[in-house]
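Novice:
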Amino acid sequence: MNTYESLTVQRAALYAAHHLAPAATAAELVVRLRIETLRALTADHIAPPPNLIETVLASGDRDLLVQLAGNRHLDEEAAVRMARGGDPAVGHALLTCRDRGERVRAAVWADADPASADWHTEVVTPLLEHTSPWLLRSALYAPFPELVRHAVRHLAPYLPPWIVVDRVLSTCVAHPRPVHARAELEAFAELFHDEDNASHHPEPAAVFREAAAADEPAAVLRAARARLGGHPRPRADHDSWLLGLRFGDRLEAPPGGVDWAAVLREDARLPYAIGPKVELTRHEGCPEALVFAAVRAGLDTSYAVHLRSVQPTAPLPSDVLDDDPPADLLVWGIDNDRLALDEVLRVVTPASEVLAALHRLCPRRTDSVPDDEDDDGSTRYRGPVPAALAPALARLIEPLGDDPEAWISLHHLVARFPGTCHELVAAAVAHAADERAKGTPVTWPRGLAARFPPDAPKGARAHLYALLNAAPDHVQCAVIPALDLRAVQHLTVYYPLSAKVRAHTYAVRGTEAAVANAAHWEMPADVVDGLLDLDDPEVNASLYDFGGIAQHERIRICAGRPRGGGSGRVPISPALGDLLARTSAATRRNWLLAALDSGDPMLVRSMLGRTRLNTEVGRLRVAVGLWERHGPDAVASLLDETQYPGRRPGAKHPFPATTHRTLRTALAAPTPEAGLASVREILAAARTPDAAAGYILRTGRSDERLEHFEAEYGITVPWDLLIAADDRQPLSEDLSAALAAHPDCPRRLLTAYLARIDFPIGIHEPDWLPSALDDGRLVPADLLTLAAPAGNALAHLGGTDLPFTEDLTRLAAETDFDPAHAEHWTVAIRLLPEFTGTLPELLATTASVLRHPLGSAVAPVEGRDSASS
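Sequential numbering of the sequence shown, starting at 3, is according to the numbering used here.
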């Protein structure tokens, strides 16, 4: 066991001890195991148990407190209690832990001692080397003038001017001699006379010079603070909230509410970043100017999701629709009822921007299809038009009617059309009429074929589809078949067409429309079902290649069985044979093995050319399928075949000599029926539970053999027979490991395997263990009682959320181990890193050691080997 593993094991045991030990015992453990506790607390990414935190706090041990103060998981209340101890070393650890909140840091400064040399040495001097805002922010309120000066100097641009004056006032009041206070003020005046600071704070330099020259500097500063802050008295809570806002904190409103005048002054002085602007919209009374500033700034950023719930109480400013607003703003305004769609369609230009917004206002909501996003942030898959938008869109597209030429004209014009949506529709209708009068019907320009797989629609196509999506069925039935095949594919794949419209489109445009529709991995189940119900060979091939269909559907397609049942056969498309001939066995072997029982010579040849069948059962299943559908000549032809797709010329036949002999013997039978019956008999015998168990129990390469069984036998694993075999003689370790990784492996085999292995730790832990614990096939008590070394099992459980303290208490009660005795825990924890037995053996060994007086012979409890003692 290396050092890391040893520390991990001891930490897990120590934390378990503090879960179980009474308070008095825990206090004694901290003394006895002080070094081990210090080492455990250095793992700042692991939360110590609450009992240990309380024990360390009560101990007053400075080293332990410092280590605990740096733990990221230390709760705020415990950190505040530590801060109130006034220890500079603990204070420094709390201040420099980035996970601490401002409340903890404020508590550190509240109990700091300005007269203590230790505070200057251990806290102030190190912090003067830092310039990070997250660290210096709390230092503004430290009782150390030099640290306040340092913080003001580095944070000046981010501080409201009244807070700057307030903090300078605090440093001046701290000076007992006026001459020192005046020198301090002159230094601050020079600092804020600097060009960079003066641009953010034009007033403080003059205020500090005036105060330096006055008889009562503090009075001048207090008056300036009240004037700049807009309040006669300082509001510490509100000032703290403003600082948190500037630095990106997510805070509730301060007591007394938000001073929006102060917020607006700060935003005018130094505009807030997008995050703080969005944060402001959460608070009651946020001015509409700030709401819309946040919306404009944040809609095309990662903060957009937070803005969807923003509900302003006033309408959008009157000039919003005058400046060609972006689609992001239109989507937000329409979605939040701040913009009337009728007005947008009538006023906003260009029409393409409005149609882009409409396209995004109808996302498809379905659990089975992820709402994937395009580069522009819009979702690919469309849903029905929301009921609130439907009337306005119906009025917009009414002039287009069911005239395909008018709709195609709209597609011609939309990309460069400068006007509104209503103007676009009127122009499209007029264009179609003009062309019809000339005798030149409007057709789709440069029609494109379908793509396999399709790409999401963009540009003018997406704009046209946004309106077609709002059209009634009879309009879609008239228009969609008149579009190019690429448009038909886009609409059938990405848009919620009704079953009636889809059926009409397939009927008018033929099989090519259904094939194009089938060429996508993520479609709603009802669309996929409709395509499968067609029982069309070409559609089946497209679904097999691009559709997200289940394995049983692939097997049915390869077998040529109709989806609705019956005795008929669905032909196999040559495209499916070509697909299997280029399918990689490394990534999609299940696609190939779907042809195992198909009986189709083309698919069988493609499958055997791309993947090897590793079992005699799999090979005989192929032969039986061929014989049943095409007779013995098909089997003989397969045995005589020398060329298989994907296999190099001259390569060995994919069936070994034993399979050849079996099948040649069957082919030589007096009748074809007798030959088929003999092969079926051999196959049935090989697939009995006993034969299957015998195959799995063979020695060597158990993981591969189990994989081959699952892929080619077509029956379930005979678990009962494997359990019986394990009862007679323990299964080999490699077979036990392979079976344990199976999702259906029963508890009986899992516990037997767990009891026989050396339980690994860390990255070496088995992949099957978490799932077995999650689904209840194993429970924490199994690891505690069966797994060895005990420390590794304890470390694993300590890294999970699984409860195990009750099991641990029960195990201790079953031995002479006493959780109330610190000496018992001390011995057990120190034995643990080198102990190779189980936890019950460790507890028994510990009790045995402590039962014997010093110097007497001790009979250790036997572990998995002699080292366990």
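Positions of the beta carbon are idealized from the N, C-alpha and C atoms, including for glycine.
1) Where does Ala-822 fall in DSSP's three states?
2) State the DSSP-derived secondary structure class of Pro-365, mapped to helix, strand or coil.
3) Going by C-alpha to C-alpha distance, which of Lys-460, His-47, Glu-78 and Leu-43 sits closest to Arg-64?
4) Mapping DSSP to helix, strand and coil, what is Arg-384?
5) In the DSSP output, which residue or residues are listed as bridge partners for Asp-65?
6) Around the Cβ of Thr-613, are there at least 16 other Cβ atoms within 10 angstroms (buried) or fewer (exposed)?
7) By the three-class DSSP mapping on this structure, what secondary structure does Leu-795 have?
8) Would Pro-406 and Val-481 qualify as a contact pair, given that the criterion is a beta-carbon distance under 8 Å?
9) Around the Cβ of Ala-726, are there at least 16 other Cβ atoms within 10 angstroms (buried) or fewer (exposed)?
10) Just the Cα atoms here: how many angstroms apart are Thr-811 and Leu-796?
11) For the alpha helix (DSSP H) that Glu-643 lies in, which residues bound it at each end?
12) Fully enclosed by the segment 405 to 466, which alpha helix (DSSP H) runs are 4 residues long or longer?
13) Which residues bound the alpha helix (DSSP H) around Arg-682?
14) For Val-851 and Asp-809, what's the separation of their Cα atoms in angstroms?
15) Could you check the C-alpha separation between Ile-831 and Ala-814 for me, to the nearest Å?
16) Count the other C-beta atoms from every protein chain shown that fall within 10 angstroms of the C-beta of Arg-179, then say buried if there are 16 or more, exposed otherwise.
17) Of all the options Ala-221, Trp-770 and Arg-556, which has the alpha carbon lying nearest to the alpha carbon of Arg-749?
18) Given Glu-212, which residues of its chain have a CB within under 7 Å of its CB, disregarding the five upstream and five downstream residues?
19) Looking only at DSSP bridge pairs, what is Ala-790 linked to?
20) So within the segment 513 to 589, which uninterrupted alpha helix (DSSP H) runs reach at least 4 residues, ignoring any that extend past its ends?
21) Quick one: any contact between the segment 540 to 552 and the segment 576 to 589, if contact means 3 or more CB pairs under 8 Å?
22) Rounded C-beta distance between Tyr-646 and Pro-656? I'm assuming under 8 Å.
23) To the nearest angstrom, how far is the alpha carbon of Ser-380 from that of Asn-542?
24) Since Asn-53 and Ala-15 should fall inside the 8 Å C-beta cutoff, what is the C-beta to C-beta distance between them, to a whole number of angstroms?
25) Please look up how many angstroms separate the CB atoms of Leu-751 and Leu-723, rounded, as I've assumed it's under 8 Å.
26) Could you give the C-beta distance for Leu-230 and Trp-164, rounded to a whole number, given that I count them as a contact under 8 Å?
27) Report the option in Ala-270, Leu-67, Leu-332 and Trp-121 whose CA atom is closest to the CA atom of Pro-159.
28) Any idea if Tyr-6 is buried or exposed, counting beta-carbon neighbours within 10 angstroms, 16 or more meaning buried?
29) Taking only the alpha-carbon atoms, compute the straight-line gap between Thr-718 and Asp-602 and give it to the nearest angstrom.
30) Are there 16 or more other CB atoms within 10 angstroms of the CB of Leu-466, so buried, or fewer, so exposed?
31) Do Gly-550 and Ala-583 have their beta-carbon atoms positioned less than 8 Å apart in this structure?
32) By the 10 Å Cβ neighbour count, where 16 or more other Cβ atoms means buried, how is Ala-396 classified, buried or exposed?
33) Thinking C-alpha only, which one of Tyr-383, Asp-475, Ala-464 and Pro-388 is nearest Asp-404?
34) If I follow the unbroken alpha helix (DSSP H) through Gly-246, where does it start and stop?
35) What did DSSP end up calling Val-624 once you bin it into helix, strand or coil?
36) Give the single residue among Glu-79, Met-84, His-47 and Trp-721 whose Cα lies nearest to the Cα of Val-58.
Specialist: Taking the geometry as given:
1) When secondary structure is reduced to three states using DSSP, Ala-822 falls in the coil class, being assigned neither helix nor strand.
2) Looking at Pro-365 - three-state DSSP - the assignment turns out to be strand.
3) Looking at the Cα atoms, Leu-43 is the closest of the given residues.
4) Strand.
5) Answer is none; Asp-65 lacks a bridge partner.
6) By the C-beta density criterion, Thr-613 is buried, having at least 16 other C-beta atoms within 10 angstroms.
7) The identity of residue 795 in the sequence shown is Ala, whereas the question assumes Leu. Helix at Ala-795.
8) Yes, the Cβ-Cβ distance between Pro-406 and Val-481 is below 8 Å.
9) Ala-726 should be labelled exposed.
10) If you take the alpha carbons of Thr-811 and Leu-796, they lie about 13 Å apart.
11) That residue, Glu-643, is in no alpha helix (DSSP H); it is neither H nor E in DSSP.
12) Listed in chain order, they are 406 to 416 and 423 to 439.
13) Start and end: 674 to 688.
14) About 23 Å.
15) Their backbone Cα atoms lie some 14 Å apart in a straight line.
16) Exposed is the call here.
17) When each option's Cα is compared against that of Arg-749, the closest is Trp-770.
18) So the qualifying residues of the chain are Val-222.
19) DSSP links Ala-790 through a beta bridge to Asp-760.
20) With a minimum length of 4 residues, the unbroken runs of alpha helix (DSSP H) contained wholly in the segment 513 to 589 fall at 513 to 519, 527 to 535, 539 to 548, 553 to 561 and 576 to 583.
21) Output reads yes: the segment 576 to 589 touches the segment 540 to 552.
22) Tyr-646 to Pro-656, Cβ: 7 Å. Contact.
23) In this prediction, Ser-380 has a pLDDT of 40, which is less than 50 and means its spatial position is unreliable; what the coordinates show is noted afterwards. Straight-line Cα distance between these residues: approximately 31 Å.
24) Not quite, the Cβ-Cβ distance comes to about 14 Å (not below 8 Å), so this is no contact.
25) So it is not a contact: roughly 12 Å between Cβ atoms.
26) Taking 8 Å as the upper bound for CB-CB distance, Leu-230 and Trp-164 are in contact here, some 4 Å apart.
27) If we check each option's Cα against that of Pro-159, Ala-270 comes out closest.
28) Tyr-6 is exposed by the Cβ-count criterion.
29) Roughly 25 Å separates the two Cα atoms.
30) The residue in question, Leu-466, is buried, as its Cβ has 16 or more Cβ neighbours within 10 Å.
31) Contact flag unset, no.
32) By the neighbour-count definition (other C-beta atoms within 10 Å, threshold 16), Ala-396 is an exposed residue.
33) Nearest C-alpha to Asp-404: Asp-475.
34) Counting along the chain, the alpha helix (DSSP H) containing Gly-246 begins and ends at 238 to 248.
35) Secondary structure at Val-624: helix, using DSSP grouped into helix, strand and coil.
36) Cα-wise, what sits closest to Val-58 is Met-84.
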